[in-house]
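Enquirer: Please see the structure below; I have some questions.
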Amino acid sequence: MASLATTAVVAAGLVSTTAAPAAAAPALKCLNTIYVTSSAGTIREVDLTTRSLVTAQPYAALPTGSGTTPNQIGIGAGGAIAMHGTSNSIVRYTPALDQTTVIAKPSGVGAGTVGAVNPLNGLFYYGAYTGNTLNLYVYNPASTTSTPGIVAAVTVNNAPGANGDIAFDEAGRLYIVAGDGATPFQAALYRANGTIPTTPSTPAATLTSTEISRGNNTGGTNGIAFASDGYLYISTGTAIRQLNPITGATVGTDISLPGAGITDLGTCAGPSTVTVGGTFPSGQANPNDGFTVGAGGNDYTGGGGTGTVPFPTSPTGPGAPPPRRRRAS
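Mature numbering (1 follows the signal peptide of the UniProt record, and there is no 0) puts the sequence shown at residues -24 to -1, 1 to 305.
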């Protein structure tokens, strides 16, 4: 990277040093790309087309004053901003300025393990496990200071361990992976029940979660992210694994990334969502009048009927939601 402007923001937010303005850099890639933080103190790009690591780093993982151990990476919409956590800071990178800014984490908030950007609101959520509770904090990338206080405490029943990560889909639903760091390297995939708040409260909002799947991996599970193909990807030791986000089932073969030292995964992609509905602009002539609305895609086998139907297993991929039918009232 030829010229990188760096801003360091101390805890009080009063002192900063900024290098000379730098030339704009391209936005981070969203298509067929996953970004990984590494125990070697780097950020690397994984090309899903070639199934390999790209040598060049998109930006410096540990600028001056940012602490150690990059983790908790999240990428904003269109690759226009990236954030990740370190031992004591949040590092924010803006490609249009080719600039990194270092923001101190709130007092008492340590390195942590999970992080992602919610595409529904553009906020960066990060945190760590305490037993079977995942405590999340929130950072607004428009700010130069972090926000103290837990924004949500999500119960994750029977979590295999304190390793893991989070990812959001386009509708703002939170997916969670938790894993242990020793043989048999068990990991479990969850979906949070409810909406993650945008601001902290006292007491913090509490949510439950639903387990989607569980199994053993070839190594520790430290990362999870949606890719542009609509699948979830998790890290497993020195590889990443493709999962169906509805069933949690493994798809295809693992992508081997020897020497990557993966500590987290992040992308600026997410699965598509669709909403359908209908109204009677002039009211119903008969109380029993109704209509059918639906959305369908070839990726799914049959579904339908009155009311909401569960998502069936897809033979070819996540795709569109299954057909569903509802009687208006």
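The C-beta atom is built at its ideal place from N, Cα and C for all residues, glycine as well.
Return the chain-ordered list of same chain residues with a C-beta closer than 7 angstroms to the C-beta of PRO2, the five sequence neighbours on each side being excluded.
Expert: As a working mapping, residue 2 is identified with position 26 in the sequence shown. So the qualifying residues of the chain are PRO71.
Enquirer: Quick check on THR255: buried or exposed, where buried means 16 or more other Cβ atoms within 10 Å of its Cβ?
Expert: One-based indexing of the sequence shown puts residue 255 at position 279. When all chains shown are included, THR255 counts as exposed.
Enquirer: Going by DSSP, which residues form a beta bridge with LEU233?
Expert: Indexing the sequence shown from 1 puts residue 233 at position 257. In DSSP, LEU233 forms no bridge with anything.
Enquirer: Would ALA129 pass as a contact of ASN111 if the rule is Cβ separation under 8 angstroms?
Expert: Locating residue 129 in the sequence shown gives position 153, where the first residue counts as 1. Locating residue 111 in the sequence shown gives position 135, where the first residue counts as 1. Yes; because the gap between Cβ atoms is below 8 angstroms, this pair is in contact.
Enquirer: Along the beta strand (DSSP E) that carries LEU241, what are the first and last residues, could you check?
Expert: Stepping through the sequence shown from its first residue, residue 241 is reached at position 265. Taken as a continuous stretch (DSSP letters only), the beta strand (DSSP E) holding LEU241 covers 238 to 242.
Enquirer: Pick from THR31, TYR151, ALA118 and THR174: whose alpha carbon is nearest that of ILE66?
Expert: The residue given as residue 66 occupies position 90 in the sequence shown. The shortest Cα separation from ILE66 among THR31, TYR151, ALA118 and THR174 belongs to ALA118.
Enquirer: What separation, rounded to the nearest whole angstrom, lies between the Cα atoms of ASN94 and ALA158?
Expert: For the purposes of this step, residue 94 is taken as residue 118 along the sequence shown, with counting starting at 1. For the purposes of this step, residue 158 is taken as residue 182 along the sequence shown, with counting starting at 1. Taking the straight line from one Cα to the other gives about 30 angstroms.
Enquirer: Check GLY17 in the structure and name its three-state DSSP category.
Expert: On the sequence shown, residue 17 is found 41 positions in, with the first residue counted as 1. GLY17 falls in the coil class under three-state DSSP.
Enquirer: Grouping DSSP H, G and I as helix and E and B as strand, with all else coil, what is ALA53?
Expert: On the sequence shown, residue 53 is found 77 positions in, with the first residue counted as 1. Helix, per DSSP.
Enquirer: According to DSSP, is TYR276 helix, strand or coil?
Expert: For the purposes of this step, residue 276 is taken as the residue at position 300 of the sequence shown. Here the model assigns TYR276 a pLDDT of 37, short of 50, so the residue's position is not dependable, and the following value carries that caveat. Of the three classes helix, strand and coil, the one that applies to TYR276 here is coil, per DSSP.
Enquirer: Enumerate in chain order the residues of its own chain whose CB-to-CB distance from SER122 is below 7 angstroms, with the five nearest sequence positions on each side excluded.
Expert: For the purposes of this step, residue 122 is taken as the residue at position 146 of the sequence shown. Result list for SER122: ILE66, ILE79, ALA80, LYS81, PRO82 and TYR115, in chain order.
Enquirer: Are the Cβ atoms of ALA87 and SER63 separated by less than 8 angstroms?
Expert: Here residue 87 is taken as the residue at index 111 of the sequence shown, counted from 1. Here residue 63 is taken as the residue at index 87 of the sequence shown, counted from 1. A contact, by the Cβ cut-off of 8 angstroms.
Enquirer: By DSSP's criteria, THR106 is part of a beta bridge. Which residues make up the other side?
Expert: Translated into positions along the sequence shown, residue 106 becomes position 130. Answer is THR109, bridged to THR106.
Enquirer: Would you call the segment 31 to 51 in contact with the segment 215 to 232, where contact means no fewer than 3 C-beta pairs closer than 8 angstroms?
Expert: The segment 31 to 51, when compared against the segment 215 to 232, does not touch it at the 8 angstroms Cβ threshold.
Enquirer: Straight-line CA distance for SER177 to SER28?
Expert: Reading the sequence shown from its first residue, position 201 is the one you call residue 177. Reading the sequence shown from its first residue, position 52 is the one you call residue 28. If you take the alpha carbons of SER177 and SER28, they lie about 42 angstroms apart.
Enquirer: Write down the C-beta distance between TYR101 and ILE142 rounded to the nearest angstrom, noting that I regard them as a contact closer than 8 angstroms.
Expert: Reading the sequence shown from its first residue, position 125 is the one you call residue 101. Reading the sequence shown from its first residue, position 166 is the one you call residue 142. Right, their Cβ atoms sit about 7 angstroms apart.
Enquirer: Which residues does DSSP pair with ARG190 in a beta bridge?
Expert: Locating residue 190 in the sequence shown gives position 214, where the first residue counts as 1. DSSP output for ARG190 lists ALA164 as bridge partner(s).
Enquirer: Which of helix, strand or coil does DSSP assign to ILE172?
Expert: As a first step, residue 172 must be located in the sequence shown, where it is residue number 196. Reduced to three states, the DSSP call for ILE172 is coil.
Enquirer: From what residue to what residue does the beta strand (DSSP E) around TYR209 run?
Expert: Reading the sequence shown from its first residue, position 233 is the one you call residue 209. From DSSP, the beta strand (DSSP E) with TYR209 extends over 208 to 212.
Enquirer: Tell me the residue span of the beta strand (DSSP E) that contains VAL30.
Expert: Counting from one through the sequence shown, the residue named residue 30 turns up at place 54. Its beta strand (DSSP E) spans residues 28 to 30.
Enquirer: Could you name the residues of the same chain whose beta carbon sits closer than 7 angstroms to that of SER232, not counting the 5 residues immediately before and after it, in chain order?
Expert: As a position in the sequence shown, residue 232 is number 256, starting the count at 1. Cβ within range, chain order: THR214 and ALA215.
Enquirer: Can you list, in chain order, the residues of its chain whose CB lies under 7 angstroms from that of SER204, leaving out five sequence neighbours each side?
Expert: Position 228 of the sequence shown holds residue 204. Answer for SER204: CYS6, LEU7, ASN8 and ALA245, listed in chain order.
Enquirer: Would you identify the three-state DSSP class for THR131, choosing helix, strand or coil?
Expert: Translated into positions along the sequence shown, residue 131 becomes position 155. Here THR131 sits in strand by DSSP.
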